[in-house]
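K.L.:
Numbering (my numbering), first residue to last: 74 to 367.
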């Protein structure tokens, strides 16, 4: 959390700096018709574009002694906490969905979820935030969310725009805040509390729609059968680091991610959010790699 606090405090300045170069990012687009099935999204890894196939729904781990809704009651004695999943950034459970004991960040393969925390046009219009259409009750959305983001960051980041100005792999053609087999809302309360924007420790959740985002896998795992992956949110602060749609530039490998983190241009956090999918290099990239190997 300390890294999040330090980096997020500087996001407003980074957003302004990144906006000038944001036009170099790939144009907004959706996947060509027929290239993905309804239960698929794209990802990146080893500089290639991947196809991720989801074969069951997500999981957000809530352990018996957890208190993810901050009401001072452990989950084992609080049916309201377990009535609906609480997917929370900044939380690292000590068990994963298959039941392996130990911090999930060390026992579970990582899925780096790249979140564009810059504004390409210095957007200060609260109406541009993800709308409340089809958003679950209790989720901050629409102009209210937009005003909160502007107060926090100075602008509305592309991650929370209903129409982002950069390409993201989720949503994959659907409304902002949605993506196949993903949760539709996430809790940012621990991060906001650490920033001094609420009670610390938190006393309630701060749910927002699923941010616009892209996916990144470790190079050695780009062709892997279906399993549980731990979502590791990564705040990408500079537009120059944002991956292009075709995967030819930006953070499309772990080496590029580490370089951005070392430069203070990206910040990583754990979460209790897990997705279940398998990964394959997209056919176009497979043929390119075969040609390069001849």
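Note that CB positions come from ideal geometry on N, CA and C, so glycine has one too.
1) Can you give the beta carbon distance from residue 238 to residue 281, rounded, assuming they're within the 8 Å contact cut?
2) Ends of the beta strand (DSSP E) at residue 353?
3) My output table needs one value for residue 333: the three-state DSSP class, helix, strand or coil.
4) Which of the three DSSP states is assigned to residue 158 in this structure?
5) Within a Cβ cutoff of 7 Å, which residues of the same chain sit near residue 213, ignoring the five residues on either side of it in sequence?
6) Would you mind sorting residue 287 into buried or exposed? The rule is 16 or more other CB atoms within 10 Å of its CB.
7) Quick check: the region 303-313 against the region 186-201, are there 3 or more CB pairs under 8 Å?
8) How far does the beta strand (DSSP E) with residue 258 in it reach, from first residue to last?
9) State buried or exposed for residue 352, treating a residue as buried only when at least 16 other CB atoms are found within 10 Å of its CB.
10) How would you call residue 328, buried or exposed, if buried means at least 16 neighbouring beta carbons within 10 angstroms?
11) Rounded to whole angstroms, what is the Cα-Cα separation between residue 225 and residue 234?
12) Between residue 350 and residue 166, what straight-line distance do the alpha-carbon atoms span, to the nearest angstrom?
13) Spell out a yes or no on whether the region 167-181 and the region 253-266 are touching, meaning 3 or more CB-CB pairs, one atom from each, closer than 8 Å.
P.N.:
On the basis of the supplied data:
1) About 19 Å separates the two Cβ atoms, so there is no contact after all.
2) 346-354
3) helix
4) coil
5) 221, 279, 280, 281
6) buried
7) yes
8) 258-260
9) buried
10) exposed
11) 15 Å
12) 20 Å
13) no
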